[in-house]
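**Student:** Have a look at this one before I ask anything.
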Amino acid sequence: MMEILEYIGLAMVLIGGLFLFLGALGIYRMPDVYNRLQAGTKASTMGAMSVIMGVGFIEPDWFFKSLIIVVFIAIANPLSSHALARGAYRASLTPFMKKKMDAYEKEFQQKKED
Amino acid sequence: MNTSSLSVSKFLYNWLLMFVVWLGFTTSLAPAELITGAIVSLIVVVMTAKYLNCCGLDIFLPNKLFYISKYIGVFSVALIKSNIDVAKRVLSPNLPINPGIVEIETKLTNEFAKMVLANTITLTPGTLSVDMIGSTYYIHWIDVTTEDPIEAQKEIAKQFEDILLKIFK
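Residue numbers (this note's numbering), protein chains in the order written: chain Z, 1 to 114; chain B, 1001 to 1169.
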């Protein structure tokens, strides 16, 4: 029984590591800050959650601790990426677009006219 | 339900939540640990009560618990899908992206529910919430298929919003 849990945990650590690597590759390949945040946030959230849950399975004493940490990550990670994206837009970093589709721009134009 | 009983219910819910976190971290049922945990979580809730107003004890009603577990299920599937989506885009040589920022409207009124929806949108395939002004979300979409707010709302947020509307009346 313990061995099965350990193998599940090792598999989760491996999968998490793989997703973290793909996230890092995404940060390298994507063209601008918003697309990089997309790749970074999703992969790092899932990767970190998977690794930490895997540790919880390998070491059953830590299971509930890792569960709490996973919940914290699920709440905190998207918040930080939202703050970064909003800050980047307000620092007038123009998003990379093949065809211009920017509904957010009008918020700032209205403010200038006021 | 009047205001004072609502705040009592919120207080008890937060106390219970803090106590569960304490139990998770100590993983011990010794009486001394339990009493210390109850006191420490009480102090924490008294200090932070005005910030913690997401939900009250009514969250433990069976139908709400059902929708919460349904939400967690739908969300987990979406999280795995979004990671496979990122992996596909990153690994394909020509980088298939067509990014843009779209706006969608939400019917949610509860502030906490809006925050949950924004976080969920960030973790679901191809979308990242950039800003929320009133009930309008601005969303960076890695592969824009429609610029119409109503169509976009259906594609990005509908399945989560429907469940959240049932949890937060």
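C-beta atoms are modelled at their ideal positions from N, C-alpha and C, and glycine is treated no differently.
(1) Using the C-alpha atoms, what's the distance from E1033/B back to A167/Z?
(2) For T1146/B, which option in L25/Z, K99/Z, E105/Z, F108/Z has the closest C-alpha, if you only look at C-alpha atoms?
(3) How many Å lie between S50/Z and T41/Z at the Cα?
(4) If the criterion is Cβ atoms closer than 9 Å, does the pair V1102/B and A1038/B meet it?
(5) Is it the case that the segment 1085 to 1092 of chain B contacts the segment 19 to 27 of chain Z, given that we only count it when at least three CB pairs across the two stretches are under 8 Å?
(6) Cα separation between T1136/B and A24/Z?
(7) Counting only Cβ pairs nearer than 8 Å, list the residues of chain Z close to Y1138/B.
(8) Closer than 6 Å by C-beta to A1078/B: which residues in its own chain qualify, once you throw out the five before and the five after it? Chain order, please.
(9) Hey, would you say E1105/B sits closer than 9 Å to P1149/B, going by beta carbons?
(10) With 8 Å as the limit, tell me which residues of the segment 1016 to 1050 of chain B have their beta carbon closer than that to any beta carbon of chain A; keep them in chain order.
(11) Rounding to the nearest angstrom, what Cα-Cα distance links N1094/B and W1141/B in this structure?
(12) So which residues on chain B does G16/Z lean against when the C-beta distance must stay under 7 Å?
(13) Within its chain, find whatever has a CB closer than 8 Å to the CB of C1055/B; leave out the 5 residues flanking it on each side and keep chain order.
(14) Using a Cβ-Cβ cutoff of less than 7 Å, which residues in the same chain neighbour G1100/B once the five nearest sequence positions on both sides are dropped?
(15) Would you say S92/Z lies against chain B (beta-carbon separation less than 9 Å)?
(16) Do the CB positions of T1127/B and I1121/B come within less than 9 Å of each other?
(17) The alpha helix (DSSP H) with G47/Z in it runs from where to where?
(18) Helix or strand or just coil, what does DSSP make of S1092/B?
(19) Taking only runs that begin and end inside the segment 53 to 110 of chain Z, name each unbroken alpha helix (DSSP H) of 4 or more residues, in chain order.
(20) Among the residues of its own chain, which have a CB less than 7 Å from the CB of I8/Z, if the five just before and after it don't count?
**Tutor:** On the basis of the data shown:
(1) What is shown of chain Z runs 1 to 114, which leaves residue 167/Z out entirely.
(2) K99/Z
(3) 14 Å
(4) no
(5) yes
(6) 31 Å
(7) A103, Y104, E107
(8) T1124
(9) yes
(10) Chain labels in this structure do not include chain A; the protein chains are Z and B.
(11) 18 Å
(12) Neighbours of G16/Z on chain B: none; closest Cβ ~10 Å, over 7 Å.
(13) K1010, Y1013, F1112, F1168
(14) W1141, V1144
(15) no
(16) yes
(17) 33 to 58
(18) coil
(19) 63 to 90
(20) F57
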